[in-house]
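Engineer: Going left to right, the first sequence walks through residues 0 to 110 as numbering that gives the first Met the number 0 numbers them. Every residue, glycine too, gets a C-beta built ideally from N, C-alpha and C. Quick caveat, the model's predicted, so the values are computed rather than measured.
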Amino acid sequence: MVSSHFFEDVYAVVRLIPKGRVSTYGAIARYLGTAKSARTVGYAMNASFGVIPSVPAQRVVNRLGMLSGKHHFQTPTRMQELLEKEGLIIRDDHIEDFEKVFWDPMKELEL
DNA sequence: GTCATGACAAAGA
DNA sequence: TTCTTTGCCATGA
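This is the structure in structure tokens:
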């Protein structure tokens, strides 16, 4: 497959998300300069399945901190388990203390 | 080649 | 304030 430029950027940023932190589609999209392409970021995650090096797609959620994409994992519970394994608290498919674990590339990288 | 859909989000009415 | 519309990039029919 021919990883498009945009996808590569998305993967690069997602891989930079520290363990125990999460980011959002919109934050990544904005960091890449295309604020309204959050949708495409999600699509990139869908295509990130099997990509090497592995892309921690479980650390990317929507702006509400909800595990909107868990259904796209190998198993619907995979995403939650991975996050809990990293020390996060998942409650009812949404991340507790989302603001505290939120990792914004705009602030963390470009600061 | 065109049309529709998708792990989303911001802006307009 | 909520509801609706638009934008983005890539993929599949």
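With DSSP as the reference, label ARG90 as helix, strand or coil.
Structural biologist: Within the first sequence, residue 90 is the residue found at index 91, counting from 1. ARG90 falls in the strand class under three-state DSSP.
Engineer: Quick test of your reading: MET105 and TYR10, contact by CB under 8 Å. State the CB separation rounded to the nearest angstrom.
Structural biologist: Position 106 of the first sequence, counting from 1, holds the residue named residue 105. Position 11 of the first sequence, counting from 1, holds the residue named residue 10. Going by Cβ atoms, the distance from MET105 to TYR10 rounds to 18 Å, so no, they are not a contact pair.
Engineer: Taking the alpha carbon of ALA34 as the reference point, which residue from LYS18, ALA43, TYR24 has its own alpha carbon closest?
Structural biologist: Residue mapping note: residue 34 aligns to position 35 of the first sequence, counting from 1. Comparing alpha-carbon positions, the option among LYS18, ALA43, TYR24 lying closest to ALA34 turns out to be TYR24.
Engineer: Out of VAL60, ALA46, GLY32, point me to the one whose CA is closest to ILE16's CA.
Structural biologist: Residue numbering aside, residue 16 sits at position 17 when the first sequence is read from its first letter. When each option's Cα is compared against that of ILE16, the closest is VAL60.
Engineer: Among residues of its own chain, excluding the 5 on either side of ARG62, which ones have a beta-carbon nearer than 6 Å to its beta-carbon?
Structural biologist: The residue you call residue 62 lines up with position 63 of the first sequence. Excluding sequence neighbours, ARG62 sits near THR23, GLY25.
Engineer: Grab me the residues of VAL40's own chain with a C-beta within less than 6 Å of its C-beta, minus the 5 sequence neighbours each way, in chain order.
Structural biologist: Locating residue 40 in the first sequence gives position 41, counting from the first residue. Once the five neighbours on either side are set aside, the close Cβ partners of VAL40 are VAL9, TYR24, ILE27, ALA28.
Engineer: List the endpoints of the continuous alpha helix (DSSP H) containing THR39.
Structural biologist: Taking the first sequence and counting its residues from 1, the one referred to as residue 39 is at position 40. Its alpha helix (DSSP H) spans residues 37-46.
Engineer: Reducing DSSP to helix, strand and coil, say where VAL59 ends up.
Structural biologist: Here residue 59 refers to the residue found at position 60 of the first sequence. Looking at VAL59 - three-state DSSP - the assignment turns out to be strand.
Engineer: Between the alpha carbons of THR76 and VAL100, how many angstroms are there, rounded?
Structural biologist: Residue mapping note: residue 76 aligns to position 77 of the first sequence, counting from 1. Residue mapping note: residue 100 aligns to position 101 of the first sequence, counting from 1. Distance between the alpha carbons of THR76 and VAL100 is about 20 Å.
Engineer: Determine the DSSP secondary structure at PHE72, reduced to helix, strand or coil.
Structural biologist: Taking the first residue of the first sequence as position 1, residue 72 is located at position 73. The answer is coil: DSSP assigns PHE72 none of H, G, I, E or B.
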